[in-house]
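Note sheet for the following structure.
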Amino acid sequence: MADDLSNRGPQDRNRINTSEDWELRYWAKEFGVTEDELKAAVKAAGPVADDVRKQLKK
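Residue 2 is where the sequence shown starts when you use our numbering, and the numbers rise one by one after that.
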């Protein structure tokens, strides 16, 4: 069984890992924000994607 490297998303789709550059890019694109805006939202709301989404809508 080979891994599908073309289907690259976060390992845990409920949490945002700001230590991984590729994951920052993925989530920033997903939310339509810059990487810096995403980092600030994660810092304020924590790493849970739903909480970050709510923070970004404020």
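Where is the CB? At the ideal position from N, CA and C, for every residue including glycine.
- At least 8 Å separates the beta-carbon of D37 from that of A46.
- Classified as exposed, W23 has fewer than 16 neighbouring CB atoms from the shown chains inside 10 Å of its CB.
- A straight-line Cα-Cα distance of about 7 Å links F32 and R54.
- Comparing alpha-carbon positions, the option among P48, K58, K30 lying closest to N18 turns out to be P48.
- Counting only residues of its own chain and dropping the five nearest sequence neighbours on each side, Q56 has a CB closer than 6 Å to the CB of A42, A45, A46.
- In its chain, beyond the 5 residues on either side, E36 have a beta carbon closer than 8 Å to the beta carbon of R26.
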